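Student:
In my numbering, the protein residues as written are 66 to 444.
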């Protein structure tokens with residue numbers, strides 16, 4: 066009796082025998098073990114949810130037929146994060162497209178100069194306006210699109226290297242290069258060298274725990290990643306994946322950007338009283354986003370536990386400690402405003418610095434003693 070031939074099963078377009086080899090068994094066992102360790106580290110609740118979901122789908126697919134079951138590690142995916150926020154913002158595959166191009170370098174160097182100068186200028190404003198990486202990332206997109214539409218696509222040859230001013234549509238990898246380049250020059254360049262070497266060194270040492278596992282979440286990086294794919298993905302929303310929502314990411318972003326632009330003119334110019342409802346500075350309310358993000362960046366990025374930690378600090382140091390210090394009369398605090406950036410004299414007026422300075426702008430001790438000591442507000 067002739068031996069039975071091995072069955073060949075098509076998987077993802079490839080013909081693979083259903084009789085596994087030893088190295089395949091060991092490789093799959095390693096993947097499943099690594100996946101199990103990762104899920105355990107995430108927390109039992111998150112891990113149980115995804116394991117149950119994968120097992121249910123695995124059973125439904127197999128329908129009791131041998132050979133159709135899919136290993137759990139392949140079903141969940143070692144490189145797939147179990148967090149929906151990460152899945153929506155980060156893609157776990159790479160696309161072939163040019164990145165190190167003349168266009169990326171030109172736009173990046175241009176934004177380095179502009180953003181650095183504008184940050185230095187707006188730093189003197191109160192409240193300060195910071196041109197963050199997100200702003201440079203957003204500005205780079207229309208510049209890159211305009212470049213791709215206007216510049217010639219001619220191929221040049223220099224010292225045996227082929228290059229072009231317009232290698233094609235402005236792609237997401239070029240956009241990332243521009244964004245990374247957009248901040249740094251002089252001091253920032255030296256600071257970047259030192260801090261980056263330290264950062265990469267620590268990342269290399271701890272990459273097994275902080276970089277390789279797909280379950281590691283970095284909230285601040287999800288914003289840039291989401292914006293990258295939003296600007297370059299103009300496809301409408303897949304209505305089969307949602308009940309009623311049909312607006313794509315790109316269109317929704319345009320709606321929000323236009324609404325934000327229109328609203329800024331209200332507290333910024335038309336009615337500046339909407340910027341701060343201070344009272345005695347215990348619960349400062351504002352309808353001006355520049356005031357919210359001037360010193361603490363965007364509060365939408367950190368997770369809830371980080372915001373809660375800040376809130377606890379506000380309650381302890383502002384609502385309790387500041388009130389106790391102010392109304393107890395320490396350093397005559399109750400005679401001056403509770404929260405302000407000004408300094409006061411012994412009459413309760415703003416301190417006149419010119420009265421205690423010599424013509425060469427040095428301190429005159431006798432004039433200082435004759436005038437008044439400094440009195441600082443509580444907060």
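The beta carbon of each residue, even a glycine, is placed where N, CA and C say it ideally should be. All values reported here derive from a predicted model rather than from experimental measurement.
Provide the residue span of the beta strand (DSSP E) that contains residue 222, from first to last.
Tutor: For the purposes of this step, residue 222 is identified with residue 157 of the chain shown, where counting begins at 1. It spans 220-223 - the beta strand (DSSP E) in which residue 222 sits, taken as one unbroken run.
Student: Measuring only the C-alpha atoms, how far is residue 369 from residue 145?
Tutor: Mapped onto the chain shown, residue 369 falls at position 304. Mapped onto the chain shown, residue 145 falls at position 80. So the alpha carbons of these two residues sit roughly 23 Å apart.
Student: Considering only C-alpha positions, which residue in the set 384, 360, 411, 166 is nearest to residue 235?
Tutor: Numbered from 1 along the chain shown, position 170 holds the residue referred to as residue 235. Of 384, 360, 411, 166, the residue nearest in Cα terms is 166.
Student: Please determine, among 441, 284, 341, 295, the residue with the shortest C-alpha to C-alpha distance to residue 150.
Tutor: Residue 150 sits at position 85 when you count from the first residue of the chain shown. It is 284.
Student: Could you tell me the distance, in whole angstroms, from the CA atom of residue 172 to the CA atom of residue 197?
Tutor: If you number the chain shown from 1, residue 172 lands on position 107. If you number the chain shown from 1, residue 197 lands on position 132. Looking at the two C-alpha atoms, the distance is approximately 16 Å.
Student: Should residue 188 go down as buried or exposed, given a rule of 16 or more other Cβ atoms within 10 Å for buried?
Tutor: Position 123 of the chain shown, counted from the first residue, corresponds to residue 188. Residue 188 is exposed by the Cβ-count criterion.
Student: Taking a contact to mean a Cβ-Cβ separation below 7 Å, would you say residue 193 touches residue 373 in this structure?
Tutor: To locate residue 193, count along the chain shown from 1; it is residue 128. To locate residue 373, count along the chain shown from 1; it is residue 308. Result no, Cβ atoms of residue 193 and residue 373 do not sit closer than 7 Å.
Student: Would you report the Cα separation of residue 240 and residue 312, rounded to the nearest angstrom?
Tutor: One-based indexing of the chain shown puts residue 240 at position 175. One-based indexing of the chain shown puts residue 312 at position 247. C-alpha separation (whole angstroms): 24 Å.
Student: What does DSSP give as the partner residues of residue 227 in its beta bridges?
Tutor: By 1-based counting over the chain shown, the position of residue 227 is 162. Residue 227 pairs with 222.
Student: What residue does the alpha helix (DSSP H) around residue 359 start on, and which one ends it?
Tutor: Counting from one through the chain shown, the residue named residue 359 turns up at place 294. 354-361 is the span of the alpha helix (DSSP H), which, as asked, contains residue 359.
Student: Could you give the distance in angstroms between the alpha-carbon of residue 202 and the alpha-carbon of residue 440?
Tutor: Mapped onto the chain shown, residue 202 falls at position 137. Mapped onto the chain shown, residue 440 falls at position 375. Residue 202 and residue 440: Cα-Cα distance of roughly 44 Å.
Student: Which of helix, strand or coil does DSSP assign to residue 415?
Tutor: Along the chain shown, read from residue 1 onward, the residue named residue 415 stands at position 350. In this structure, residue 415 counts as strand in the three-state DSSP scheme.
Student: Around the Cβ of residue 147, are there at least 16 other Cβ atoms within 10 angstroms (buried) or fewer (exposed)?
Tutor: One-based indexing of the chain shown puts residue 147 at position 82. Buried: at least 16 other Cβ atoms inside 10 Å.
Student: Which of the three DSSP states, helix, strand or coil, is assigned to residue 440?
Tutor: Taking the chain shown and counting its residues from 1, one reaches residue 440 at position 375. Correct three-state label for residue 440: strand.
Student: Taking the CB atoms as reference points, tell me whether residue 340 and residue 349 lie closer together than 7 Å.
Tutor: In the chain shown, residue 340 corresponds to position 275, counting from 1. In the chain shown, residue 349 corresponds to position 284, counting from 1. Not closer than 7 Å, so no.
Student: Report back the beta-carbon spacing between residue 404 and residue 444 to the nearest angstrom; my notes put them in contact at under 8 Å.
Tutor: The residue given as residue 404 occupies position 339 in the chain shown. The residue given as residue 444 occupies position 379 in the chain shown. Right, the Cβ-Cβ distance comes to about 4 Å (below 8 Å), so this counts as a contact.
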